[in-house]
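Asks: In my numbering, the protein residues as written are 1 to 571. Each residue gets a CB set at the ideal place from its N, CA and C atoms; glycine is no exception. Remember, predicted model here, so these are calculated numbers, not experimental data. Quick one: the structure is below, and I'll ask about it shortly.
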């Protein structure tokens, strides 16, 4: 064979082998891809036995799409209605809705910890009580704060919370009266914003005291009123939902976008690449929180706490945290926090204490003001009117005291029912088992690393637990108050989950309840309420993470808006 023929044959053989190699590589890639993206999650994975839509099991982006459209929580509720108490909603994520799962995941000593999802709530680059994953870290931090948030401390007349809330209640009543005079009693009162001002003044006063961060959003004649009200502007921007989506599903990308400076920042802004234009969510509040801490640090550098003249500063959470930390430095050294750690902790409490309390109070007033619920309002009016000054149940301003308001059974039932139907934080609370161990939840094997979770929205609407779950019926919480039996009432109390449960239960629960009971008792001792025509056939709406929540039985939802008339009670 001539050399040219040999060369041609070799070339052809190589080409043929190359084609075979390419085809083989492609087939290998396809087989590998099929196995790990389809066969493994649908057949091999231990989660394959858990019911749920196949597309959700194949990719996390299916549930992420529901996040994007603002329908995640209602979607999960519908999936549980269809598939039962355990539903696979991702390649490595399962949603539960049973009482057994609630105890297994969120009960004390369960071994389940918060996921990295919560790291989006770090403040100043530091973790805090809300974002700690390991239970030990959370428990150590909680020790420094638990006593100050206890019910005994919150309701004590000589502590900080009760006088502070009393003052803010009186300021809120004054705001109602001023608005009634200004608008000739025809316009009504928009309570979504004013209740946010009430909760802002309450939480800042509780955390920082009057001199180092307390706000005055309710006070009509205060020179800082408009500045303080402006702290809420970025919370109310609907774009915060898009930012939350990007922060959860594309965290590295989002961090990169918001840390650009100089020319890169200008390009990012010009191209509209930011999910939410700066200032982004909570920017103003976090700035306020940091300046409050710096003011306090400067103060304690020159004044001994024992010589503190301002009682609100010495009793504030900020002062308590500082004093506890000083003791910790002496006793355990490395467990102590630096200034930024404490500033982060306080800022987180500030963020958590605004929307939650105000949103729940708004829904309570809205529900009581609906014409079909007039009998509930009448019952509350009678209960509040029964309080007596001679029994020490009324303060110097003519409003129910903290302890008296706390002991009103029907008011308590109204708030429980409000929190059941309109929980301010209704979405999933994700957890993962610590230590890389498999677990068993409600009979299902859950591999290590699987994200599990439950949401108040779904469990509070379980028709097997709550009779007529979409109806507002406060009497379901009261002995002898309705068609529910005592056994049914005992069951629903175990299913009530508005404040979470276990070691991660909301630390600010008692403060929130004091704010709501004292304000509502004062309002309904002086006024009756009715909906403005703007609010007829429309539910108020609140923003939580990616979603807008309102009353699902109403035809429309008015986000961040609720109009009510306050009519004075004629003695």
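How do the segment 396-416 and the segment 513-531 stand: do at least 3 beta-carbon pairs fall below 8 Å, yes or no?
Replies: yes
Asks: Using alpha carbons as the reference points, say which of 49, 181 and 51 lies closest to residue 568.
Replies: Residue mapping note: residue 568 aligns to position 568 of the chain shown, counting from 1. Measuring from the Cα of residue 568, the nearest candidate turns out to be 181.
Asks: What is the DSSP secondary structure of residue 564, counted as helix, strand or coil?
Replies: For the purposes of this step, residue 564 is taken as the residue at position 564 of the chain shown. Of the three classes helix, strand and coil, the one that applies to residue 564 here is strand, per DSSP.
Asks: Pull the bridge partners of residue 400 from the DSSP assignment, please.
Replies: On the chain shown, position 400 is the one that residue 400 refers to. For residue 400, which the question treats as bridged, DSSP gives the partners 394.
Asks: Report all residues from its chain with a CB closer than 7 Å to the CB of residue 419; omit the five preceding and five following residues, and keep chain order.
Replies: Along the chain shown, one-based indexing puts residue 419 at 419. Cβ within range, chain order: 360 and 498.
Asks: Can we say the segment 76-93 touches the segment 43-53, given the rule of at least three CB pairs closer than 8 Å?
Replies: yes
Asks: Would you kindly work out how many angstroms separate the C-alpha atoms of residue 332 and residue 385, rounded to a whole number?
Replies: Residue mapping note: residue 332 aligns to position 332 of the chain shown, counting from 1. Residue mapping note: residue 385 aligns to position 385 of the chain shown, counting from 1. Because the pLDDT at residue 332 is just 47, under 50, the model does not fix this residue reliably, and the point stays unresolved.
Asks: DSSP three-state label for residue 282, please.
Replies: For the purposes of this step, residue 282 is taken as residue 282 along the chain shown, with counting starting at 1. In the structure shown, residue 282 sits in coil (DSSP, three-state: anything other than H, G, I, E or B).
Asks: Does the Cβ of residue 564 have 16 or more other Cβ atoms within 10 Å, making it buried, or fewer, making it exposed?
Replies: Position 564 of the chain shown, counting from 1, holds the residue named residue 564. Residue 564 should be labelled buried.
Asks: I need the straight-line Cα distance from residue 555 to residue 537, nearest angstrom please.
Replies: Against the chain shown, residue 555 aligns to sequence position 555. Against the chain shown, residue 537 aligns to sequence position 537. Going by the C-alpha atoms only, they are around 6 Å apart.
Asks: Using 8 Å as the cut-off, can you tell me whether the segment 520-534 makes contact with the segment 418-433, which would need three or more C-beta pairs spanning the two stretches below that distance?
Replies: With a cut-off of 8 Å, the segment 418-433 and the segment 520-534 do not count as touching, because too few Cβ pairs lie within range.
Asks: Looking at C-alpha atoms only, which residue of 122, 390, 352 and 195 is the closest neighbour of residue 507?
Replies: If you number the chain shown from 1, residue 507 lands on position 507. Of 122, 390, 352 and 195, the residue nearest in Cα terms is 352.
Asks: What does the alpha-carbon distance come out to for the pair residue 440 and residue 105?
Replies: In the chain shown, residue 440 corresponds to position 440, counting from 1. In the chain shown, residue 105 corresponds to position 105, counting from 1. Rounded to the nearest angstrom, the two C-alpha atoms are 10 Å apart.
Asks: Across which residues does DSSP place residue 316 in a beta bridge pair?
Replies: Walking along the chain shown from the start, residue 316 turns up at place 316. The bridge partners DSSP lists for residue 316 come to none.
Asks: Beta-carbon within less than 8 Å of residue 124's beta-carbon, same chain only, minus the 5 sequence neighbours each way: which residues are those?
Replies: Here the question's residue 124 lines up with position 124 in the chain shown. Cβ neighbours of residue 124 beyond the five flanking positions: 286, 290, 340, 343, 344 and 347.
Asks: Measuring only the C-alpha atoms, how far is residue 566 from residue 530?
Replies: Here residue 566 is taken as the residue at index 566 of the chain shown, counted from 1. Here residue 530 is taken as the residue at index 530 of the chain shown, counted from 1. Straight-line Cα distance between these residues: approximately 7 Å.
Asks: Thinking C-beta only, is residue 45 closer than 8 Å to residue 462?
Replies: In the chain shown, counting from the first residue as 1, residue 462 sits at position 462. In the chain shown, counting from the first residue as 1, residue 45 sits at position 45. No, these two residues do not count as a Cβ contact at 8 Å.
Asks: Flag this pair as yes or no: are the beta carbons of residue 549 and residue 245 separated by less than 8 Å?
Replies: For the purposes of this step, residue 549 is identified with residue 549 of the chain shown, where counting begins at 1. For the purposes of this step, residue 245 is identified with residue 245 of the chain shown, where counting begins at 1. Contact: no.
Asks: How do the segment 315-322 and the segment 143-156 stand: do at least 3 beta-carbon pairs fall below 8 Å, yes or no?
Replies: yes
Asks: Please state whether DSSP places residue 497 in a helix, a strand or coil.
Replies: Residue 497 sits at position 497 when you count from the first residue of the chain shown. Of the three classes helix, strand and coil, the one that applies to residue 497 here is coil, per DSSP.
Asks: Which partner residues does residue 444 have in the DSSP bridge list?
Replies: Here residue 444 refers to the residue found at position 444 of the chain shown. In the DSSP output, where bridge partners are listed per residue, residue 444 has 441.
Asks: Report the start-end ranges of each alpha helix (DSSP H) in the segment 176-210 that is 4 residues or longer and not cut off at the edges.
Replies: Runs of the alpha helix (DSSP H) inside the segment 176-210: 191-208.
Asks: Using CA coordinates, which residue listed in 338, 416 and 382 is at the minimum distance from residue 367?
Replies: As a first step, residue 367 is located in the chain shown; it is residue number 367 there, counting from the start. Comparing alpha-carbon positions, the option among 338, 416 and 382 lying closest to residue 367 turns out to be 416.
Asks: Looking at residue 387: is its Cβ nearer than 8 Å to the Cβ of residue 410?
Replies: For this step, residue 387 is matched to residue 387 along the chain shown. For this step, residue 410 is matched to residue 410 along the chain shown. No.
Asks: Is DSSP giving residue 531 helix, strand or coil here?
Replies: Within the chain shown, residue 531 is the residue found at index 531, counting from 1. Here residue 531 sits in strand by DSSP.
Asks: With which residues is residue 103 paired in a DSSP beta bridge?
Replies: Mapped onto the chain shown, residue 103 falls at position 103. DSSP, once it has assigned bridges, lists no residue as partnering residue 103.
Asks: Does the Cβ of residue 23 have 16 or more other Cβ atoms within 10 Å, making it buried, or fewer, making it exposed?
Replies: The residue you call residue 23 lines up with position 23 of the chain shown. So residue 23 counts as exposed.
Asks: Rounded to the nearest angstrom, what separates residue 301 and residue 115 at their Cα positions?
Replies: Taking the first residue of the chain shown as 1, we reach residue 301 at position 301. Taking the first residue of the chain shown as 1, we reach residue 115 at position 115. Each residue's alpha carbon lies about 38 Å from the other.
Asks: Could you pull out every residue in the same chain whose Cβ sits closer than 8 Å to the Cβ of residue 159, ignoring the five residues on either side in sequence?
Replies: Your numbering for residue 159 matches position 159 in the chain shown. Excluding positions up to five away in sequence, the list reads 153 and 315.
Asks: Taking 8 Å as the cut-off, decide whether the C-beta atoms of residue 113 and residue 364 are in contact.
Replies: Sequence index remark: in the chain shown, residue 113 carries index 113 (1-based). Sequence index remark: in the chain shown, residue 364 carries index 364 (1-based). No, they are not a contact pair.
Asks: Out of 474, 485, 515 and 470, which one is the CA nearest neighbour of residue 77?
Replies: By 1-based counting over the chain shown, the position of residue 77 is 77. Answer by Cα proximity: 470.
Asks: Secondary structure at residue 126, three-state DSSP: helix, strand or coil?
Replies: As a working mapping, residue 126 is identified with position 126 in the chain shown. When DSSP states are grouped into helix, strand and coil, residue 126 belongs to the strand group.
Asks: For the 8 Å Cβ check, are there 3 or more pairs between the segment 159-176 and the segment 392-399?
Replies: yes
Asks: Which one of 526, 88, 442 and 320 has the shortest CA to CA distance from residue 209?
Replies: For the purposes of this step, residue 209 is identified with residue 209 of the chain shown, where counting begins at 1. For the residues 526, 88, 442 and 320, the minimum Cα distance to residue 209 belongs to 320.
Asks: What residues match up with residue 86 in a beta bridge as DSSP calls it?
Replies: One-based indexing of the chain shown puts residue 86 at position 86. Beta-bridge pairing links residue 86 to 96.
Asks: With distances taken from CA atoms, which of 437, 443, 457 and 464 is nearest residue 451?
Replies: As a working note, residue 451 is residue 451 in the chain shown. Comparing Cα positions, the closest option is 437.
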